[in-house]
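Reading through the structure tokens given below for one structure.
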Amino acid sequence: LDIKESLQKISSFLINGRQHYIVLPYAAFLVQAQKDEEFRKILNQADLSLPDGIGPVLASRIIGQEMVKGRITGIDLIWALFDKFGAAHSVFLFGAKEGVAQEAAEKIAVKYPTAKIVGTLNGYVNDTEAITVINNSDAEILLVALGMPKQEKWIYNNLKKLPAIKLAIGVGGSFDFISGRVRRAPKIVQKMGLEWLWRLFRQPNQWRKTWRSVIVFSRLVLKEKF
Numbered sequence: 013l014d015i016k017e018s019l020q021k022i023s024s025f026l027i028n029g030r031q032h033y034i035v036l037p038y039a040a041f042l043v044q045a046q047k048d049e050e051f052r053k054i055l056n057q058a059d060l061s062l063p064d065g066i067g068p069v070l071a072s073r074i075i076g077q078e079m080v081k082g083r084i085t086g087i088d089l090i091w092a093l094f095d096k097f098g099a100a101h102s103v104f105l106f107g108a109k110e111g112v113a114q115e116a117a118e119k120i121a122v123k124y125p126t127a128k129i130v131g132t133l134n135g136y137v138n139d140t141e142a143i144t145v146i147n148n149s150d151a152e153i154l155l156v157a158l159g160m161p162k163q164e165k166w167i168y169n170n171l172k173k174l175p176a177i178k179l180a181i182g183v184g185g186s187f188d189f190i191s192g193r194v195r196r197a198p199k200i201v202q203k204m205g206l207e208w209l210w211r212l213f214r215q216p217n218q219w220r221k222t223w224r225s226v227i228v229f230s231r232l233v234l235k236e237k238f
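For the sequence shown, the residue numbers in this note's numbering are 13 to 238.
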């Protein structure tokens, strides 16, 4: 799906009376899913899976799944959501460090003054508090930024406790970028699908973890192909 088709899907999710969740996988997701059965089940049962990273896109082409048209990052999806649905559907931002979700909400409100952001909460509160605060907000869309696989497991295990939520999405580090606390890669790097490499240069302490994901993911793809 491209972004337009994804938004059409989301539009149906918001009006059909059921709860839905979306995942945005990149290479490390699929590596984690190989050793984490619960996480694998959650990914497989998602109502919509949109590739955040270039890895799943390339993998789909290698193994012949042409239905994957390109990557849709969490950041781009958030902006598209507010552009199309922000004035009509209430949104709650949950996750990241103290103050980050609120700063992201403020940046979104500058770009979309009619956006219905009904609450923010950092990712360090306990589940009971988070559920209470989110329920009291009457939000319809929940953006969860707790990192993989925690955010997907949180959504899967708690969505039914949030009856007003029609759609939940795990958005990883998107609030950090939208708030301006972390600088996003230049446009040319984004178009090349090399944001992971940009982040690696800016966070060299992550190189071992990233390289391991690249190697393991490549092996998994080749195994699937041959």
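All residues carry an ideal CB built from backbone N, CA and C; glycine is no exception.
What did DSSP end up calling residue i once you bin it into helix, strand or coil?
{"i": "V103", "result": "strand"}
{"i": "T85", "result": "coil"}
{"i": "L158", "result": "coil"}
{"i": "V122", "result": "helix"}
{"i": "A151", "result": "coil"}
{"i": "V145", "result": "helix"}
{"i": "V130", "result": "strand"}
{"i": "A180", "result": "strand"}
{"i": "L42", "result": "helix"}
{"i": "L26", "result": "coil"}
{"i": "L62", "result": "coil"}
For residue i, count the other beta carbons within 10 Å of its own beta carbon; 16 or more makes it buried, fewer makes it exposed. Which is it?
{"i": "T132", "result": "buried"}
{"i": "M160", "result": "buried"}
{"i": "V122", "result": "exposed"}
{"i": "D139", "result": "exposed"}
{"i": "S149", "result": "buried"}
{"i": "D188", "result": "buried"}
{"i": "E141", "result": "exposed"}
{"i": "R195", "result": "exposed"}
{"i": "K178", "result": "buried"}
Hey, could you find the ends of the alpha helix (DSSP H) residue i is sitting in?
{"i": "I54", "result": "E49 to Q57"}
Would residue i and residue j qualify as a contact pair, given that the criterion is a beta-carbon distance under 8 Å?
{"i": "A180", "j": "I167", "result": "yes"}
{"i": "L19", "j": "A99", "result": "no"}
{"i": "L62", "j": "L26", "result": "no"}
{"i": "D64", "j": "I15", "result": "no"}
{"i": "V183", "j": "V156", "result": "yes"}
{"i": "I90", "j": "I190", "result": "yes"}
{"i": "A108", "j": "G135", "result": "yes"}
{"i": "I146", "j": "F94", "result": "no"}
{"i": "L60", "j": "A45", "result": "no"}
Pop quiz: residue i and residue j are said to be a contact at Cβ under 8 Å. What is the actual Cβ separation, rounded to whole angstroms?
{"i": "K165", "j": "F51", "result": "7 Å"}
{"i": "H101", "j": "K128", "result": "7 Å"}
{"i": "L206", "j": "Q31", "result": "About 35 Å; that fails the 8 Å criterion."}
{"i": "L154", "j": "L174", "result": "7 Å"}
Provide the residue span of the beta strand (DSSP E) that contains residue i, from first to last.
{"i": "V137", "result": "Where V137 is concerned, there is no enclosing beta strand (DSSP E), given that its DSSP letter is neither H nor E."}
{"i": "V194", "result": "Taken as a continuous stretch (DSSP letters only), V194 belongs to no beta strand (DSSP E), as it is neither H nor E."}
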